[in-house]
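**Q** Here the protein sequences line up with chains E and H, keeping their order. Residue numbers for the first sequence, in this note's numbering: 55 to 417. Residue numbers for the second sequence, in this note's numbering: 55 to 417. C-beta atoms are modelled at their ideal positions from N, C-alpha and C, and glycine is treated no differently. Mind looking over this structure? Questions follow.
Number of protein chains: 2
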Amino acid sequence: MKRREFLRATGLGVAGGAIAAPAIAQAASTKVRWKLTSSFPASFDLLYGGARDFAQAARDASDGLIDIEIHPPGEIAGAVDALEAVRDGRADCALTALNYWWGVEPALIFATGVPFGMNARQHAAFINRGGGGDLIDEVLAGHNIVALLAGDTGCEMGGWFRNDVKSVADFQGLKIRIAGIAGKIVQRLGAKPVAVARADITAALQSGALDAATWVSPADDEKLDLAKAAPNYFYPGWHQPSLAIHIAINSAKWNELPKSLQAILKQSAALAHTRMLAAYDTLNPAAVRRLVEGGAHLRAFPPDVMESLWQAANDVYRETASDDPKFQRLHDAYMAARNDQYLWWQVAEYPFDNFVIRQRAKG
Amino acid sequence: MKRREFLRATGLGVAGGAIAAPAIAQAASTKVRWKLTSSFPASFDLLYGGARDFAQAARDASDGLIDIEIHPPGEIAGAVDALEAVRDGRADCALTALNYWWGVEPALIFATGVPFGMNARQHAAFINRGGGGDLIDEVLAGHNIVALLAGDTGCEMGGWFRNDVKSVADFQGLKIRIAGIAGKIVQRLGAKPVAVARADITAALQSGALDAATWVSPADDEKLDLAKAAPNYFYPGWHQPSLAIHIAINSAKWNELPKSLQAILKQSAALAHTRMLAAYDTLNPAAVRRLVEGGAHLRAFPPDVMESLWQAANDVYRETASDDPKFQRLHDAYMAARNDQYLWWQVAEYPFDNFVIRQRAKG
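Right, here's the structure in full:
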């Protein structure tokens with residue numbers, strides 16, 4: 055690369071400040087060119103935005119030294135195979151939900167958020183300061199992967215249902231698109247979890263191949279036009295109170311980096327996390343309003359449904375832990391953190407939210 | 055500096071990786087040596103930690119090129135004078151709560167969080183993606199300051215009271231340590247806001263010079279041993295549902311930086327924000343438990359007190375806005391965001407929190 059092009063590419067030529075940028079005199083070989091496999095296509099723009107924000111932040115802070123190329127699912131790996139690609143070195147890193155790999159490592163569900171687990175802020179506290187990050191690193195180390203928290207959707211919705219749900223009996227025989235360990239939980243209530251690709255969900259609900267489907271939350275859900283197929287829009291997303299997104303990195307690639315570039319990647323992930331959660335929070339209010347105006351009926355799961363799901367979740371956790379020590383260890387630490395977090399939440403955060411919500415209801 | 059020392063100082067000598075760190079061949083003059091004035095002393099460790107985390111992250115990511123020296127309150131500026139010092143160039147930057155400057159710029163309270171405003175996550179969404187950051191930048195531009203969100207305490211507690219509060223009548227004549235615009239609000243209920251320095255709060259409560267005092271939340275409050283002086287520990291912190299912390303930077307100093315170093319500072323602030331909120335969330339549960347074991351009585355403000363404070367806050371906002379267009383503009387944007395955020399909050403986040411709290415109460 056010619057010097058002029060290098061200056062343009064790294065932004066040095068346009069800084070214009072009185073302090074010179076570090077005169078980076080590196081050979082071409084020191085440039086970090088990484089391939090990132092994203093579990094989400096560009097059309098799934100809020101989640102995909104995590105990859106874009108991460109790559110852009112790393113490029114900006116490193117003056118272009120870190121150059122991460124984003125590949126949509128299907129180019130290097132499928133959406134749920136991203137971690138295999140990182141482990142095997144076909145990709146240098148991935149943007150993914152670590153619980154997509156729960157079939158290989160059930161304990162990884164606690165990296166993403168679990169049924170009746172912690173909300174997004176509590177989850178981040180557990181990962182960043184509560185020891186959760188170290189426990190997840192230990193599990194991933196066995197697969198030559200390191201991971202950085204890089205996003206969250208917040209609490210998801212409980213899904214779209216063709217018919218109203220009045221009691222736990224309505225789960226009997228229900229064909230529902232719901233992923234991961236949550237599928238095992240609804241089975242305990244008699245439902246049948248079905249795997250359906252994103253592009254086919256609306257048609258499957260219309261044809262009756264599906265009775266219900268979970269997706270994410272209003273800002274994502276409205277793109278699939280689900281209200282016309284299954285207008286009963288249930289809350290809360292008991293199965294995914296947080297959906298934490300990670301940047302997963304091949305350990306060998308990570309260890310090759312000098313500490314300064316590792317620091318830049320850590321901070322870029324923190325920035326991406328902040329931006330993704332803020333994007334969902336900022337876009338969901340208008341999206342839920344549009345959905346309701348377009349015919350969606352907001353409905354709360356009845357108490358007996360929530361309590362049966364809570365019980366079923368605890369049963370599934372206990373059984374999974376009984377023959378998986380890694381799962382047991384993460385489960386116990388995660389649930390201890392959840393119980394601590396909610397002890398505090400009910401003192402300050404929850405009563406404040408409660409008061410403002412009630413005042414607003416009064417008009 | 056000799057080359058060996060430089061390598062040691064920047065960490066290049068210990069990277070040990072296969073990829074060389076950028077060989078930074080800068081002159082001594084290109085090193086960014088900044089003085090940061092902190093509004094919080096090192097003993098106020100969670101808030102002070104924001105300055106430490108910010109400086110460390112910037113140092114790590116820049117390979118030591120950014121060197122920020124932290125000064126406690128009193129060395130360069132007092133706790134509430136930090137922004138003057140940044141504006142006047144006596145400090146290059148500050149870690150502070152922007153609402154400390156509310157006497158100069160009332161609109162800045164919306165950068166920090168306000169009585170009956172948004173919770174910490176909603177507040178961050180407003181600043182980062184909801185247009186709030188731009189509005190605050192406009193206000194600060196008039197003072198040659200730029201600001202980066204760099205921390206939050208979460209919802210504070212409502213304070214320590216010598217006597218129980220049973221109704222709004224108990225606020226009549228109450229001598230209470232409460233800062234900023236919240237002082238104007240409690241005056242509407244007949245209370246007398248009193249300024250008392252941190253070191254003197256406990257003694258003032260014991261002597262009866264104060265009837266009540268707000269501080270922060272359990273992890274900070276327990277250091278002051280307030281329960282022995284005023285055991286009634288009220289919630290929620292209606293006056294401060296978020297306490298956002300910012301890094302404020304002198305605009306001229308900011309503009310001197312190349313874009314890559316600006317990017318590093320932005321990301322370092324994002325990392326510090328994540329770490330501070332996670333620290334409060336992680337430490338508060340055990341702290342509130344210890345406080346209760348030590349004699350604190352947790353009490354909720356009665357509904358008539360909360361409703362009177364809500365009404366008084368709305369009155370104070372309206373009156374302040376009536377002759378301050380900057381305040382009006384921020385107020386309207388902030389409250390529109392709050393109303394949107396709580397519309398969505400009551401659909402997914404709040405019902406989920408509500409369910410888990412109730413299940414846990416059942417045991």
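Can you tell me whether Gly-213 of chain E is helix, strand or coil according to DSSP?
**A** Reduced to three states, the DSSP call for Gly-213 of chain E is strand.
**Q** With a Cβ-Cβ cutoff of 8 angstroms, do Val-359 of chain E and Leu-352 of chain E count as a contact?
**A** no
**Q** So for Arg-343 of chain H, helix, strand or coil by DSSP?
**A** helix
**Q** Going by the beta-carbon positions, is the gap between Phe-215 of chain H and Phe-170 of chain H smaller than 8 angstroms?
**A** no
**Q** Using DSSP's beta-bridge definition, name the partner residues of Arg-231 of chain E.
**A** E:Ala-267
**Q** Against Ala-414 of chain E, what residues of chain H qualify as contacts under a CB-to-CB distance less than 7 angstroms, listed in chain order?
**A** With the sequence shown as reference, residue 414 of chain E is identified as Arg, and Ala is not the correct amino acid for it. By Cβ distance, chain H contributes Asn-393 and Tyr-396.
**Q** Mind checking who Val-86 of chain H pairs with in its DSSP beta bridge?
**A** According to DSSP, Val-86 of chain H bridges with H:Ile-120.
**Q** Between which two residues does the alpha helix (DSSP H) harbouring Thr-166 of chain E extend?
**A** 163 to 166
**Q** Relative to the alpha-carbon of His-448 of chain E, which residue among E:Gly-262, E:Asp-114, E:Glu-159 and E:Asp-218 has its alpha-carbon at the smallest distance?
**A** With chain E running from 55 to 417 in the structure shown, residue 448 of chain E is simply not present.
**Q** Would you please verify whether the beta carbon of Met-389 of chain H is less than 8 angstroms from any beta carbon of chain E?
**A** no
**Q** Taking 8 angstroms as the threshold (beta carbon to beta carbon), is Val-342 of chain H in contact with chain E?
**A** yes
**Q** For chain H, find out if any of its Cβ atoms is closer than 8 angstroms to the Cβ of Ile-461 of chain E; answer yes or no.
**A** Limits of chain E in this structure are 55 at one end and 417 at the other, which puts residue 461 of chain E out of reach.
**Q** Between His-327 of chain E and chain H, is there a C-beta pair that is closer than 8 angstroms?
**A** yes
**Q** For a test of the three-state rule: what should DSSP assign to Ile-255 of chain H, helix, strand or coil?
**A** helix
**Q** Go through its chain and collect everything with a Cβ distance to Pro-247 of chain E's Cβ below 7 angstroms, but skip five positions before and after it.
**A** Taking Pro-247 of chain E as the centre and dropping the five residues before and after it, the same chain places the C-beta of Ile-230, Ile-232, Gly-237, Val-240 and Gln-241 closer than 7 angstroms to its C-beta, in chain order.
**Q** Out of H:Ile-181, H:His-125 and H:Pro-295, which has the shortest C-alpha to C-alpha gap to Lys-403 of chain E?
**A** A small fix is needed here, since residue 403 of chain E is Glu in this sequence, not Lys. With distances taken between Cα atoms, Glu-403 of chain E lies closest to H:Pro-295.
**Q** Could you please give the first and the last residue of the uninterrupted alpha helix (DSSP H) stretch that includes Arg-412 of chain E?
**A** 403 to 416
**Q** Output, in sequence order along the chain, the residues in the stretch 282 to 309 of chain H whose CB is closer than 8 angstroms to any CB in chain E.
**A** Tyr-289, Pro-290, Gly-291, Trp-292, Pro-295 and Asn-309
**Q** Of the choices E:Leu-264, E:Thr-256 and E:Arg-252, whose alpha-carbon is the least far from that of Gly-227 of chain E?
**A** Comparing alpha-carbon positions, the option among E:Leu-264, E:Thr-256 and E:Arg-252 lying closest to Gly-227 of chain E turns out to be E:Leu-264.
**Q** By how many angstroms is the C-alpha of Leu-278 of chain E removed from the C-alpha of Ala-75 of chain H?
**A** Its pLDDT being 48, under 50, Ala-75 of chain H is placed unreliably by the model, and the measurement read from it follows with that caveat. Rounded to the nearest angstrom, the two C-alpha atoms are 46 angstroms apart.
**Q** Thinking just about the alpha-carbon of each residue, which of E:Gln-260, E:Ala-266, E:Arg-412 and E:Ile-303 is nearest to the one in Asp-142 of chain E?
**A** E:Ile-303
**Q** May I have the straight-line CA-CA distance separating Ala-354 of chain E from Pro-290 of chain E, to the nearest angstrom?
**A** Rounded to the nearest angstrom, the two C-alpha atoms are 7 angstroms apart.
**Q** For a minimum of 3 consecutive residues, which ranges assigned as the beta strand (DSSP E) are wholly contained in the stretch 264 to 311 of chain H?
**A** 286 to 289 and 298 to 304
**Q** How would you list, in chain order, the residues of chain H whose beta-carbon sits under 7 angstroms from the beta-carbon of Trp-364 of chain E?
**A** Gln-413
**Q** Buried or exposed for Ala-79 of chain H, going by 16 or more other Cβ atoms inside 10 Å?
**A** Because Ala-79 of chain H sits at a pLDDT of 39, beneath the cut-off of 50, its placement in the model cannot be relied upon, and the following sentence gives the value as read from the coordinates. Ala-79 of chain H counts as exposed, since fewer than 16 other C-beta atoms from the protein chains shown sit within 10 angstroms of its C-beta.
**Q** Would you list, in chain order, the members of the stretch 365 to 378 of chain H that have their beta-carbon closer than 9 angstroms to a beta-carbon of chain E?
**A** none
**Q** Which residue marks the beginning of the beta strand (DSSP E) containing Thr-150 of chain H, and which one marks its end?
**A** 147 to 150
**Q** Using the C-alpha atoms, what's the distance from Phe-381 of chain H back to Arg-344 of chain H?
**A** Roughly 40 angstroms separates the two Cα atoms.
**Q** Can you find a CB in chain E that lies within less than 8 angstroms of the CB of Asn-153 of chain H?
**A** no
**Q** 8 angstroms is my cut-off, CB to CB: does Arg-183 of chain H come that close to chain E?
**A** With 8 angstroms as the cut-off, Arg-183 of chain H counts as an interface residue toward chain E.
**Q** Is there a Cβ from chain H that is less than 8 angstroms from the Cβ of Glu-192 of chain E?
**A** Output row for Glu-192 of chain E: interface = no.
**Q** Give the DSSP-derived three-state secondary structure of Pro-95 of chain H in the structure shown.
**A** coil
**Q** Between which residues of its own chain and Gly-185 of chain E is the CB-CB distance below 7 angstroms, once the five residues before and five after are set aside?
**A** Ala-387
**Q** For Phe-108 of chain E versus Ala-390 of chain E, is the C-beta distance shorter than 8 angstroms?
**A** no
**Q** Thinking just about the alpha-carbon of each residue, which of H:Thr-207, H:Asp-206 and H:Gly-187 is nearest to the one in Val-200 of chain H?
**A** H:Gly-187
**Q** How long is the line joining the alpha carbons of Ala-148 of chain H and Ala-136 of chain H, rounded to whole angstroms?
**A** 6 angstroms
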